[in-house]
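Here the structure comes first, spelled out in structure tokens, and everything after it is commentary.
Residue numbers (the working numbering), protein chains in the order written: chain A, 541 to 667; chain B, 541 to 667.
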């Protein structure tokens with residue numbers, strides 16, 4: 541079998557994460573790694589959430605940002621209930637494989653409070 | 541004693557993190573939380589690293605981004621050996637207290653590979 545059939549960003553969501561990507565990932569003790577969502581055009585850092593291999597696979601293959609909810613212990617398609625969806629524009633893994641940057645097009649606010657970003661409300665040191 | 545003496549962004553680095561900030565933080569099982577460094581003017585997401593309370597305290601009070609190295613198990617002032625320092629411009633905590641966004645002015649490349657950001661080299665899905 542030609543392993544090239546397991547394409548990065550392919551459309552088959554049933555096969556799980558491309559093993560070539562999985563081999564580069566470093567996960568914490570619970571199998572998770574942080575994912576940063578950034579608005580692709582303005583550069584705003586919208587939020588940080590958590591992924592496992594399957595959440596990254598779904599993010600790469602469905603075009604919708606998908607995370608793992610540590611509190612609810614379930615997959616979570618951003619905006620599925622609120623409508624504040626994140627359309628995936630690009631995805632990159634960092635140099636040591638322990639974090640992901642997802643550039644997205646965010647509909648309305650990313651934060652559950654209604655704020656545009658999750659970092660708007662609690663400024664510890666102002667620039 | 542007037543607790544207001546423990547000022548946010550104050551200059552006393554010996555007293556530890558302001559307990560009002562510490563009370564809002566959610567840490568993982570090893571006492572850490574992710575910190576995203578973003579170039580303050582261009583919006584580039586430069587890197588993701590890890591902090592504990594003391595690293596955040598030092599970041600807030602010294603003007604230099606300070607992380608906890610999980611591999612070396614020690615504090616790490618970004619750029620201390622490379623000269624690729626991160627001058628702290630602003631710091632914000634996210635809505636559920638489990639991640640920090642530090643806007644910085646990055647000297648040269650943020651990545652140990654020489655790249656400008658740690659997310660430049662390993663693009664999983666291109667926009």
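All residues carry an ideal CB built from backbone N, CA and C; glycine is no exception.
Original post:
Is it true that the CB of residue 605 of chain B sits closer than 8 Å to the CB of residue 626 of chain B?
Top reply: Here residue 626 of chain B refers to the residue found at position 86 when the second chain is read from its first residue. Here residue 605 of chain B refers to the residue found at position 65 when the second chain is read from its first residue. A contact, by the Cβ cut-off of 8 Å.
Original post:
Are the C-beta atoms of residue 609 of chain B and some chain A residue less than 8 Å apart?
Top reply: Within the second chain, residue 609 of chain B is the residue found at index 69, counting from 1. False, the Cβ-Cβ gap to chain A never drops below 8 Å.
Subject >> Three CB pairs or more closer than 8 Å across the stretch 587 to 606 of chain A and the stretch 594 to 614 of chain B >> reply: no
Original post:
What residues from chain C crowd round residue 643 of chain A, counting only those whose CB sits closer than 7 Å?
Top reply: Looking for chain C here will not work: the only protein chains present are A and B.
Original post:
Which value, in whole angstroms, describes the spacing of the CA atoms of residue 573 of chain A and residue 592 of chain A?
Top reply: For the purposes of this step, residue 573 of chain A is taken as the residue at position 33 of the first chain. For the purposes of this step, residue 592 of chain A is taken as the residue at position 52 of the first chain. Cα to Cα, residue 573 of chain A sits roughly 6 Å from residue 592 of chain A.
Original post:
Is DSSP giving residue 636 of chain A helix, strand or coil here?
Top reply: Taking the first chain and counting its residues from 1, one reaches residue 636 of chain A at position 96. Residue 636 of chain A falls in the coil class under three-state DSSP.
Original post:
From what residue to what residue does the alpha helix (DSSP H) around residue 594 of chain B run?
Top reply: Taking the second chain and counting its residues from 1, the one referred to as residue 594 of chain B is at position 54. Residue 594 of chain B -> alpha helix (DSSP H) spans 593 to 602.
Original post:
Hey, how far is the Cα of residue 653 of chain B from the Cα of residue 624 of chain A?
Top reply: If you number the second chain from 1, residue 653 of chain B lands on position 113. If you number the first chain from 1, residue 624 of chain A lands on position 84. Cα to Cα, the separation comes out at about 36 Å.
Original post:
residue 560 of chain B: buried (16+ other C-beta within 10 angstroms of its C-beta) or exposed?
Top reply: Counting from 1 along the second chain, the entry for residue 560 of chain B is found at position 20. Result: exposed.
Original post:
Can you tell me whether residue 657 of chain B is buried or exposed, with buried defined as 16 or more other CB within 10 angstroms of its CB?
Top reply: For this step, residue 657 of chain B is matched to residue 117 along the second chain. Classification for residue 657 of chain B: buried.
Original post:
Using a C-beta cutoff of 8 Å, does residue 625 of chain B count as contacting chain A?
Top reply: For the purposes of this step, residue 625 of chain B is taken as the residue at position 85 of the second chain. Output row for residue 625 of chain B: interface = no.
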